[in-house]
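Engineer: One structure, pasted below without further comment.
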Amino acid sequence: MQSTAHAFKDNVEHALVDGNLQQSLALLKVGFSERRRQAVERLPEFEALRDRARDIKNHALAHLDFYLEAFEAKVTALGGHVHWAPTAQDARDIILDICREAGARTVTKSKSMIAEEIALNDHLAANGIEPVETDLGEYIIQLRREPPSHIIAPAVHLTKDQVADTFFEHHRKLGFDKRLTERSDLVAEARQVLRRRFQEADVGITGANFLVAETGSSMLVTNEGNADLGNTLPRVHVVIASIEKVIPTLEDAATLLRVLARSATGQEWSSYTTFNTGPKRPEDPDGPAHYHVVLLDNGRSGVLGTQMQDMLRCIRCGACMNHCPVYAAIGGHAYGWVYPGPIGAVLTPQLIGVEEAGNLPNASTFCGRCESVCPVRIPLPKLMRHWREREFERHLTPASVRQGLALWAFLARRPALYRRVTGIANRVLALFGRVAGRYAWLPLAGGWTRYRDFPAPQRGGTFHAQWRARGGARR
Amino acid sequence: MTHPPVSAPAPSDRPPGLGWTVGLFVTCLVDMFRPSVGFAAVKLLEDAGCRVVVPDVQTCCGQPAYNSGDRGDARRVAAQVVSAFEGFDHVVVPSGSCGGMIAHHFPDLFDDDPSMRRRAEALAGKTHELMSFLVDVLGVRRVAARYDGSVTYHDSCSGLRELGVKAQPRTLLASVDGLKLVEMANPEVCCGFGGTFCVKYPDISNAMLVDKTADIGATGAGTLLAGDLGCLMNMAGKLQRDGQAVQVRHTAEVLAGAGDIAAIGEPEAA
Amino acid sequence: MSARDQVLGAIRRSLKRGALSGDARVAAEARLREHPVNIVPVRTTGTQDDRVRLLEQWATFNQATTARVAAAEVPGAVADYLAANNLPARVVMAPDPALDRYDWNSRPMLQRRRGLPEDADRVAVTGALAGIAETGTLVFASGPDHPTSLNLLPETHVAILREADVVGPLEEVFTRLRARYGEGVMPRTVNTVTGPSRTGDVEQQLELGAHGPRRLHILIVRD
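Protein chains in written order, with the working numbering: chain Y, 54 to 528; chain D, 3 to 272; chain X, 100 to 322.
Now the structure itself:
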């Protein structure tokens with residue numbers, strides 16, 4: 054997917070005045086967090102499960118090569134194929150080859166952030182193969198030619214009216230000529246349209262929530278069941294998954310699943326949680342004859358063993374963005390690439406470079422709400438701070454900021470000078486602000502005073518000056 | 003995550019902190035903009051039997067540099083804080099963000115310097131946010147103060163998530179005569195200050211502030227309290243720009259009986 | 100260098116070691132072999148009857164419907180359910196021999212076809228490998244007696260679950276799978292299904308019947 058992360062500030066400007074988006078975000082702000090809270094309340098073991106989930110992922114990452122090999126051996130023994138893709142280009146090529154070999158004209162896809170990351174749909178389409186998104190949210194945005202704005206609810210930025218308009222525009226040629234208004238009707242129409250596409254498809258491409266080394270299984274979690282239709286009906290099932298998705302055992306999957314749905318949508322368990330293992334067995338009446346797993350690296354191996362490693366624990370639940378006040382203000386598209394919200398702020402600079410995506414880890418107050426809800430306890434603010442450190446080291450931080458910081462640090466390390474300078478500033482600001490008690494505008498503080506007044510200091514001098522005058526103890 | 007230390011409540015016939023010398027980390031915002039917060043902290047600590055010392059070599063905790071990725075300057079400023087404060091029984095900070103900086107982040111700044119790291123860890127272990135110190139360490143449950151009117155409370159992020167400050171200010175406010183606490187919707191959602199964030203991304207900050215001030219207004223409370231002056235100045239500035247008649251104060255001021263002074267952003271009596 | 104070597108090599112370089120060996124390897128192999136259980140929620144303990152009731156509660160919470168019946172009542176329960184929901188008395192049924200134990204001839208008006216679902220099939224009737232009380236979830240394993248598409252294509256799915264097959268936590272399902280198929284072996288697909296298909300993709304409100312069944316009815320059979 055083409056990045057607009059460098060244009061973050063422009064993206065934000067548009068997002069803040071987008072009425073439909075703001076209406077949708079108003080729902081998101083309270084909906085997801087309330088549902089998660091209720092689900093957590095219902096499960097006394099939740100906090101212990103988070104700790105265990107973190108530990109499982111850490112263990113898997115420390116032994117990633119071993120578990121990937123174990124997974125591969127199991128899949129291969131069943132007649133499935135495992136393909137290794139060091140880069141996005143490799144993955145695109147591998148999948149195109151598989152589709153061509155299958156003589157595919159259409160492929161159904163279930164939601165996969167990895168597929169977005171490698172821009173798979175465009176590649177297939179450019180080579181004469183039609184990809185059909187089947188997750189309802191992905192289907193809607195595919196019709197609108199928009200990227201997803203959330204990692205589990207890709208169309209969360211749209212209102213029902215926008216969806217109705219989109220269906221009316223695109224479904225007419227299929228024989229549906231009424232503009233619908235009810236949600237249930239919209240869903241029913243999508244079901245009808247996509248049912249035909251499921252049945253026509255030659256290849257089904259899915260992502261994977263987890264890859265289980267013990268059995269060689271890929272796991273898929275959906276509420277719609279679209280992924281299961283996509284991996285059952287076609288002749289060929291292709292799984293595209295990044296390497297850090299592998300976990301050791303089924304029991305480990307159980308732990309991760311217990312925190313996944315609750316963190317994502319507040320459900321106890323997603324409606325369809327499926328384990329797929331290899332192609333159909335000779336005696337199976339249905340299922341794909343061919344099963345392929347494409348393992349994508351695309352920069353992840355380079356994160357292992359670094360101070361950024363914790364980001365690889367992510368299980369793509371979306372809780373961080375559901376609870377982030379910045380995401381709630383600007384929505385997912387503003388982040389400019391595949392992964393929005395706090396995880397996007399950490400992952401995007403890693404995958405496409407901090408020069409391109411530098412704004413993302415900076416647009417945070419470090420409130421920490423994301424970390425407080427992450428099911429695998431990723432220290433997201435700390436990772437964002439590491440990105441800021443890298444930018445600072447590489448002089449990517451704006452010069453004005455560096456100079457301001459340098460001046461502040463210069464003063465802070467010279468207490469006597471600091472006292473004099475702050476004493477003057479205090480007196481000047483107190484003096485000129487004494488009538489109103491605040492400033493509607495201050496030089497150098499335009500960012501602040503654009504939207505709020507600036508309180509004037511109290512009169513009487515700084516705290517330290519007053520403390521000294523009173524003879525307060527200083528040691 | 004470290005939790006505030008909890009000790010048994012002191013016997014009731016003497017103030018709980020008798021014998022303890024506490025270093026007060028004033029914070030740069032309190033020093034420059036609202037010394038009354040510092041004096042309120044001193045009063046609360048002295049009433050609880052502590053001897054309060056304010057080292058005058060303190061300036062800043064280093065958080066602006068730290069959060070901007072400037073580890074070098076952050077470390078140098080932090081080293082200064084460590085030297086200035088390591089001699090006290092406890093160090094108290096009327097701010098969750100500066101308190102969190104010292105209690106949580108200082109040790110990491112000295113990863114490559116084991117002896118400095120030990121000193122930073124020692125300081126971190128005895129540094130507390132003010133409300134948490136009063137309630138969790140000194141066992142204070144009541145203050146003798148009066149404040150008539152309804153009050154709402156904002157949970158500043160660092161205090162809440164790094165230092166576990168949530169129940170303690172509410173416990174103490176509940177003991178203030180005449181005060182009625184009305185909880186706002188979403189008290190734990192960030193107000194949009196975030197240090198330099200509010201000036202680097204003013205439009206996003208404003209969007210967050212709009213939500214926060216709407217929640218404040220919806221309570222009908224006449225006063226807003228919080229434990230962090232940065233958050234308070236941010237919210238006060240917005241409330242006043244919008245013409246919302248809400249007085250904004252630091253919790254310590256109300257608890258120390260100084261709830262009658264000019265609120266943040268209001269002109270003082272001539 | 101193959102792509103495989105490239106990726107594995109990059110991982111090992113980052114982890115600052117060669118291929119996993121020695122004690123660490125032994126431990127990892129043991130973990131795969133022994134698959135230790137992590138934390139199992141307490142809500143899954145209790146009597147079998149507790150578990151059945153818990154499964155019913157959670158299944159209902161997720162918009163499935165349930166009924167507890169004796170074995171002799173199963174065909175009648177299916178026929179009655181269809182009538183109550185204005186569905187035609189015509190079902191596609193899994194070829195599962197376990198379903199033969201019910202006296203379908205007691206309801207001759209109920210038309211049954213065994214095999215794969217076709218477009219016109221509106222109701223599927225299947226058995227279930229297990230029911231998970233912890234979350235109100237049904238477990239279906241693919242095989243000659245249970246085509247996966249029966250769980251997905253028809254609009255209504257009636258699942259016949261034996262009480263004895265109700266387990267507490269998901270982990271017990273794994274135990275049963277291992278017992279049936281072998282250590283480290285799985286069928287092509289294990290579907291775990293909790294309620295009907297749904298989506299929240301339009302204004303974050305729940306709608307049922309997104310792609311999979313719109314209705315899920317669970318008959319819990321006393322032996």
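Where a beta carbon is used, it is the ideal one built from N, C-alpha and C, also for glycine. Fair warning: this is a prediction, and the values are worked out from it, not measured in the lab.
Count the other CB atoms, across all protein chains shown, that sit within 10 Å of the CB of Q65 (chain D); report buried if there are 16 or more and exposed otherwise.
Structural biologist: Answer is buried; the Cβ neighbour count reaches 16.
Engineer: Let me make sure I understand the geometry here. Which of Y:F445, Y:P393 and Y:Q75 has the alpha-carbon closest to that of F377 (chain Y)?
Structural biologist: Here residue 377 (chain Y) is Cys; the residue named in the question, Phe, does not match the sequence. It is Y:P393 whose Cα lies nearest to the Cα of C377 (chain Y).
Engineer: Take H107 (chain D) and list the residues in its own chain whose beta-carbon comes closer than 7 angstroms to its own, dropping the five residues that flank it on each side.
Structural biologist: Taken in chain order, the residues that qualify are Y68.
Engineer: Sorted by chain position, which residues of the same chain lie with C-beta nearer than 7 angstroms to R158 (chain Y)'s C-beta, five sequence neighbours on each side aside?
Structural biologist: Around R158 (chain Y): I182, E183 and D255.
Engineer: By alpha-carbon positions, which one of X:P194, X:P174, X:A183 and X:A178 ends up nearest to D202 (chain X)?
Structural biologist: Considering only alpha carbons, the answer is X:P174.
Engineer: Can you tell me where the beta strand (DSSP E) with R321 (chain X) in it begins and where it stops?
Structural biologist: It spans R314 to R321 - the beta strand (DSSP E) in which R321 (chain X) sits, taken as one unbroken run.
Engineer: Going by beta carbon distance, what residues of the same chain come within less than 6 angstroms of G321 (chain X), once the five residues before and after it are set aside?
Structural biologist: Here the sequence assigns Arg to residue 321 (chain X), which means Gly is not the residue at that position. Around R321 (chain X): A169 and E262.
Engineer: Among the candidates Y:H176, Y:R447 and Y:W322, whose CA atom is the shortest distance from the CA of A314 (chain Y)?
Structural biologist: Per the Cα distances, Y:W322.
Engineer: In terms of residues, what are the limits of the alpha helix (DSSP H) holding A129 (chain X)?
Structural biologist: Looking at the DSSP string, the run of the alpha helix (DSSP H) that includes A129 (chain X) is G121 to E133.
Engineer: I want to verify the contact list: residues of chain Y whose CB lies under 7 angstroms from the CB of V33 (chain D), in sequence order.
Structural biologist: As written in the sequence, residue 33 (chain D) is Asp, which differs from the Val given in the question. In chain order: T475, T515, F516 and H517.
Engineer: Does the beta carbon of G490 (chain Y) sit closer than 7 angstroms to a beta carbon anywhere in chain D?
Structural biologist: By this cut-off, G490 (chain Y) is an interface position.
Engineer: Identify whether R521 (chain Y) lies in helix, strand or coil by the three-state DSSP scheme.
Structural biologist: DSSP places R521 (chain Y) in helix when its eight states are reduced to three.
Engineer: Quick check: G229 (chain D) and M133 (chain D), are their CB atoms within less than 7 angstroms of each other?
Structural biologist: A contact, by the Cβ cut-off of 7 angstroms.
Engineer: With DSSP as the reference, label D150 (chain D) as helix, strand or coil.
Structural biologist: Strand, per DSSP.
Engineer: Taking only beta carbons into account, state which residues of the region 156 to 182 of chain X come closer than 9 angstroms to chain Y, listed in chain order.
Structural biologist: Listed in sequence order: W157, F160 and N161.
Engineer: Would you kindly report the start and end of the unbroken alpha helix (DSSP H) that includes S425 (chain Y)?
Structural biologist: From DSSP, the alpha helix (DSSP H) with S425 (chain Y) extends over R422 to V426.
Engineer: What did DSSP end up calling D118 (chain Y) once you bin it into helix, strand or coil?
Structural biologist: Correct three-state label for D118 (chain Y): helix.
Engineer: Would you tell me roughly how many angstroms separate the C-alpha atoms of R422 (chain Y) and G101 (chain D), rounded to the nearest one?
Structural biologist: Approximately 18 angstroms, taken between the alpha carbons.
Engineer: By the three-class DSSP mapping on this structure, what secondary structure does V8 (chain D) have?
Structural biologist: Confidence at V8 (chain D) is low in this model, with a pLDDT of 47, below 50, so the placement of that residue should be treated as unreliable; the coordinate-derived value is given next. Note: V8 (chain D) maps to coil in three-state DSSP.
Engineer: Among X:R167, X:S205, X:N204 and X:V272, which one has its Cα closest to the Cα of I259 (chain X)?
Structural biologist: It is X:R167.
Engineer: In whole angstroms, what separates the C-alpha of R150 (chain X) from that of P428 (chain Y)?
Structural biologist: Roughly 27 angstroms separates the two Cα atoms.
Engineer: Applying the 10 Å Cβ sphere with the 16-neighbour rule, what's the burial state of F548 (chain Y)?
Structural biologist: Here chain Y covers residues 54 to 528 and nothing more, so residue 548 (chain Y) does not appear.
Engineer: With 16 as the cutoff for other CB atoms within 10 Å, does T234 (chain Y) come out buried or exposed?
Structural biologist: T234 (chain Y) should be labelled exposed.
Engineer: Quick check on Y492 (chain Y): does DSSP put it in helix, strand or coil?
Structural biologist: Here Y492 (chain Y) sits in strand by DSSP.
Engineer: Per DSSP, F35 (chain D) is paired with what?
Structural biologist: DSSP, once it has assigned bridges, lists no residue as partnering F35 (chain D).
Engineer: Does the region 330 to 339 of chain Y come within contact of the region 276 to 292 of chain X, defined as at least 3 CB pairs closer than 8 angstroms?
Structural biologist: Touching, per the Cβ criterion.
Engineer: Buried or exposed: which applies to S31 (chain Y), given that a residue is buried once 16 or more other Cβ atoms fall within 10 Å of its Cβ?
Structural biologist: Past the edges of chain Y, shown from 54 to 528, lies residue 31 (chain Y), and the structure says nothing about it.
Engineer: At least one CB of chain X closer than 7 angstroms to the CB of F124 (chain Y): is that the case?
Structural biologist: So, not an interface residue.
Engineer: Does the CB of T4 (chain D) have a neighbour CB from chain Y at under 7 angstroms?
Structural biologist: Residue placement at T4 (chain D) is poorly supported in this model, since its pLDDT is 40, which falls under 50; the coordinates still yield a value, given next. Output row for T4 (chain D): interface = no.
Engineer: Evaluate I477 (chain Y) with the Cβ neighbour count: other Cβ atoms within 10 Å of its Cβ, from every protein chain shown; 16 or more gives buried, anything less gives exposed.
Structural biologist: So I477 (chain Y) counts as exposed.
Engineer: Output needed in chain order: residues of the region 194 to 208 of chain D with a Cβ under 8 angstroms from some Cβ in chain Y.
Structural biologist: Flagged, chain order: G194, F195, G196, G197, T198, F199, C200, V201, K202, Y203, P204, D205, I206, S207 and N208.
Engineer: Going by the C-beta, is S38 (chain D) closer than 6 angstroms to any heavy atom of the ligand FAD?
Structural biologist: This structure lacks the ligand FAD; in fact it carries no ligand of any kind.
Engineer: Strictly by DSSP, which residues pair up with Y344 (chain Y)?
Structural biologist: Y344 (chain Y) pairs with Y:H290.
Engineer: Could you check what DSSP says for R120 (chain D) in three-state terms: helix, strand or coil?
Structural biologist: Reduced to three states, the DSSP call for R120 (chain D) is helix.
Engineer: Can you name the residues that DSSP bridges to G226 (chain X)?
Structural biologist: BP columns for G226 (chain X) point to X:I259.
Engineer: Is the distance from the Cβ of L78 (chain Y) to the Cβ of G384 (chain Y) below 7 angstroms?
Structural biologist: A contact, by the Cβ cut-off of 7 angstroms.
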